[in-house]
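Residue numbers (numbering that gives the first Met the number 0), protein chains in the order written: chain C, 0 to 380; chain Z, 0 to 380. Since the structure comes first, as structure tokens, the remarks are kept for the end.
Number of protein chains: 2
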Amino acid sequence: MDDVAIVGVGQSKFSRKCGITIKELIFEAFREAMEGLDITNADIDSSIICSSLYDSQRSAEGPIAEYLGLNPQPTFLVENACAASSTGLRTAWAFIKSGLYNIVTIIGIEKMSGQSSREVAEMMGRAYDVTWESSFGLTMPGGYAMHAQAHMAEYGTTEEQLAKVRVKNSYYSVKNKKAAFQKALTLQEVLESMPVSSPLKMLDCCANADGASCMILAGKDTAKKITKAPVWIAGLGSGSNTGIGRRDSFTSFICAKKAAAEAYKMAGVGPDDIDVAEVHDCFTIAEIIACEDLGFAKPGEGPRLVEEKGTYLEGKIPVNLDGGLLCKGHPVGATGGSQLRTIVKQLRGEGGEIQVKDAKIGLAHNIGGIGHYANVTILRR
Amino acid sequence: MDDVAIVGVGQSKFSRKCGITIKELIFEAFREAMEGLDITNADIDSSIICSSLYDSQRSAEGPIAEYLGLNPQPTFLVENACAASSTGLRTAWAFIKSGLYNIVTIIGIEKMSGQSSREVAEMMGRAYDVTWESSFGLTMPGGYAMHAQAHMAEYGTTEEQLAKVRVKNSYYSVKNKKAAFQKALTLQEVLESMPVSSPLKMLDCCANADGASCMILAGKDTAKKITKAPVWIAGLGSGSNTGIGRRDSFTSFICAKKAAAEAYKMAGVGPDDIDVAEVHDCFTIAEIIACEDLGFAKPGEGPRLVEEKGTYLEGKIPVNLDGGLLCKGHPVGATGGSQLRTIVKQLRGEGGEIQVKDAKIGLAHNIGGIGHYANVTILRR
Chain C
0 MDDVAIVGVG QSKFSRKCGI TIKELIFEAF REAMEGLDIT NADIDSSIIC
50 SSLYDSQRSA EGPIAEYLGL NPQPTFLVEN ACAASSTGLR TAWAFIKSGL
100 YNIVTIIGIE KMSGQSSREV AEMMGRAYDV TWESSFGLTM PGGYAMHAQA
150 HMAEYGTTEE QLAKVRVKNS YYSVKNKKAA FQKALTLQEV LESMPVSSPL
200 KMLDCCANAD GASCMILAGK DTAKKITKAP VWIAGLGSGS NTGIGRRDSF
250 TSFICAKKAA AEAYKMAGVG PDDIDVAEVH DCFTIAEIIA CEDLGFAKPG
300 EGPRLVEEKG TYLEGKIPVN LDGGLLCKGH PVGATGGSQL RTIVKQLRGE
350 GGEIQVKDAK IGLAHNIGGI GHYANVTILR R
Chain Z
0 MDDVAIVGVG QSKFSRKCGI TIKELIFEAF REAMEGLDIT NADIDSSIIC
50 SSLYDSQRSA EGPIAEYLGL NPQPTFLVEN ACAASSTGLR TAWAFIKSGL
100 YNIVTIIGIE KMSGQSSREV AEMMGRAYDV TWESSFGLTM PGGYAMHAQA
150 HMAEYGTTEE QLAKVRVKNS YYSVKNKKAA FQKALTLQEV LESMPVSSPL
200 KMLDCCANAD GASCMILAGK DTAKKITKAP VWIAGLGSGS NTGIGRRDSF
250 TSFICAKKAA AEAYKMAGVG PDDIDVAEVH DCFTIAEIIA CEDLGFAKPG
300 EGPRLVEEKG TYLEGKIPVN LDGGLLCKGH PVGATGGSQL RTIVKQLRGE
350 GGEIQVKDAK IGLAHNIGGI GHYANVTILR R
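Put into structure tokens, the structure is as follows:
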């Protein structure tokens, strides 16, 4: 299935407040993705902008395509909560695989600093069902806290184990200059941070951020011509979930399990074949559930995996070596592209201090909402 | 290229104020699209929601997929201003043609009555560049009025000629029970309606509306199995344009000309082969420009085409026989799907009073913004 490759990846610095426009922020990511490619803007057949538009600009695809010099090629926006840019990747893959387009760019963007924290929380709340969920006060930390409580009740997971996810990710974040937070944290610091929604504390939660990501995809023959380091899209999987009120389980996400099964099947590999992974750690509990949903650990054994350092660089399955959402910050629409950029760099051998030795197969797991949407993407060098 | 078919189409009643939720509105369209198909909801591999979300619900794909019983299949939202649902169609086509999915539903939705007219105008304004366009007061009627002025200056087009577009579309609207406005208007009524942005008057403009549309697409073999009346997607074209400030021409849209050229090429047909068309008449001038951009008339001769009744049912190229946006109302994200539904029904011979005799090839032309985005779709029975 190696018919479509990622030929370029880029990311802006993620930060709590960028102080520039979304167009300028995107240009940082686009420029990096275009570096070294033997193409011009006119060769890009379509752009796909991925965002939940927390900024004041609506229909941002038009102004963005114009700013990047991508007219008159088609452009449109994909929204899928926090999973937007991996959904954009799947869409671009289909455009190329179908033969309609040859080169497509996927741009993830979110600028959340233009709104107050209260406004962002309100806008984010309206991403769940406004009749049955957000109107009763459901928030993102609240939803994940319910999953943490369920995991603790069913498997005896502890707050210390949750905190160890943040300790790991913060340990690696100091090596990522594009992360919003680059400070190694101690277990004590995480455990003593301000309560948010029990058992989750401030440092169990990722932060809203400003940031952009960019991927450029090309069909097989073109990919081989325009770059020396194509990374192939080997597996794609995707699923959705009902709202919180109608779920049977709070210790896993059915959409992620469906997505993982599809991606593994398409790529012809299993969890043990994955050399390096990025998973959606919007909260510490989310990384633990992700490791279980992906088959890196059996149900209930996710906490032990991080505790025994199985998800560290030297472990059996290194996870979130770029600091994850917890330390990079989480600019909603840009996150999936940032995860995939990290995997692409690993497979190209450009991981630097966090390089997994001889990484051949990588995986990115991107969740939208409180497990409402999931995409799993498997890449191969 | 007849590899993907539209197997089902549906539309809710379009109205100024629906009084129901977006989920209920969508169900009207989805139910009609599913009628007579030999499938269940579980056979639909993915849903694509197309909307600019004027409603309070953000990330509407989740609540909608749940309401329609489409979990755990993937769902996401496509935004492309007024061109969203034809962009959704192109995306679904690619998913099926690529082999990733077999059956996909595209749902267009907009509920604009939940906001005041002032709020809608403000939200719509933010769809153009917030730095360079909307901040200086550009509105949708203002932008199209500039194009009307340019057409009048360059070709001598008259206000009477513009009004004749509305007279035609209103004449046919009385046959469309799903249109918001079903009243035949006289030339005098249009010309004497309230000035909005010179030369455009109230009845030269379409109205915001509440409405939903739905299409169901399937791959070749499946399509032949599940319906007796597949309509094939023969041609797809798409383009974008810069903002108003950087355009060379105000008498045509380059994005629409690019989209038309691509769609004709892919389908292997030309303007003279089209038996019936739906074009994006958000304003009377827009239908005239569309007819020229599509090659139904030479540049500057669009006004004469409608004047000589060439776009009437008995004319050389019947256009907007369902009343068009001008009479149906324009629920942004739903409009493209409504246009395609009309073409599908024509090609199935289900046009009723507006049936074009022996229609074999139909075309839908869907614009987003003030000519910012364009999709042209050619269907064949």
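Ideal placement from N, C-alpha and C gives every residue a C-beta, glycine not left out.
- Using a CB distance cut-off of 8 Å, Ser239/C counts as an interface residue toward chain Z.
- Neighbours of Leu235/C in chain Z, taken as residues at a C-beta separation under 8 Å, are given in chain order as Leu99.
- Look at Gln338/Z: its C-beta is not under 8 Å from any C-beta on chain C.
- Collapsing the DSSP output to three states places Val195/C in a strand.
- The DSSP assignment places complete alpha helix (DSSP H) segments of no fewer than 4 residues inside the region 300-373 of chain Z at 301-306, 323-327, 334-346, in order along the chain.
- Within chain Z, the residues Ser239 have their CB atoms less than 8 Å from the CB of Ala64/C, given in chain order.
- The C-alpha of Asp44/C is placed about 6 Å away from the C-alpha of Val103/C.
- Taking the Cα of Arg89/Z as reference, the smallest distance to any Cα among Thr250/C, Asp1/C, Leu99/C is reached at Leu99/C.
- Comparing C-alpha distances from Ile243/C to each of Ser169/C, Phe252/C, Gly236/C shows the shortest one belongs to Phe252/C.
- Counting only runs that start and end inside the region 160-218 of chain C, the beta strand (DSSP E) elements of at least 3 residues fall at 194-196, 210-218.
- Cβ atoms of Ala162/C and Thr138/C stay farther apart than 8 Å, at about 21 Å.
- Its Cα nearest to that of Ala222/C, the residue Lys96/C stands out among Val305/C, Ala59/C, Lys96/C.
- For Val119/C, the uninterrupted alpha helix (DSSP H) run begins and ends at 116-124, by DSSP.
- A Cβ of chain Z is located within less than 8 Å of the beta carbon of Asp128/C.
- For Ser85/C, the closest alpha carbon among the candidates Gly234/C, Gly351/C, Val318/C is that of Gly234/C.
- From the beta-carbon of Met122/C, the residues of chain Z found nearer than 7 Å are Arg57.
- Cβ-Cβ separation between Ile106/C and Ile63/C: approximately 7 Å, consistent with a contact (criterion under 8 Å).
- Excluding the 5 residues flanking it on each side, Ser169/Z has same chain C-beta neighbours closer than 6 Å at Ala183, Leu184, Cys326, in chain order.
- Of the other Cβ atoms in all chains shown, fewer than 16 fall within 10 Å of the Cβ of Arg15/C; this residue is therefore exposed.
- Closest option to Arg246/C, judged by alpha-carbon separation, among Ile21/C, Met123/C, Ala206/C, His371/C: His371/C.
- Residue pairing of Leu378/C in beta bridges, as defined by DSSP: Ile232/C, Gly361/C.
- With fewer than 16 other beta carbons inside 10 angstroms of its own, Ser197/C counts as exposed.
- Under the three-pair Cβ rule at 8 Å, the region 209-216 of chain Z does not count as touching the region 33-49 of chain C.
- Residues of chain Z whose Cβ lies closer than 7 Å to the Cβ of Thr90/C are, in chain order, Thr90.
- 8 Å or more divides the Cβ of Asp1/Z from the Cβ of Arg380/Z.
- Val3/Z and Asp220/Z have their C-alpha atoms roughly 9 Å apart.
- With a contact defined as Cβ atoms closer than 8 Å, Gly299/Z and Tyr143/Z miss out at about 18 Å.
- Taking C-beta atoms as the reference points, Val173/C and Val189/C fail to come closer than 8 Å.
- In the assembly as shown, Met193/Z is an exposed residue. Its beta-carbon has fewer than 16 other beta-carbons within 10 Å.
- Here Ser55/Z really is in contact with Val129/C; their C-beta atoms are around 5 Å apart, less than 8 Å.
- Under DSSP, the beta-bridge partners assigned to Gln10/Z are Ser212/Z.
- Contact between the region 69-81 of chain Z and the region 354-372 of chain Z is present: 3 or more CB-CB pairs across the two stretches fall below 8 Å.
- Within a 10 Å sphere around the beta-carbon of Glu159/Z sit fewer than 16 other beta-carbons, which makes this residue exposed.
- Counting along the chain, the unbroken beta strand (DSSP E) around Cys49/C starts and ends at 45-49.
- Per DSSP, Thr74/C is one residue of the beta strand (DSSP E) stretching across 74-78.
- By the CB criterion at 8 Å, Cys204/Z and Gly328/Z fall outside the cutoff.
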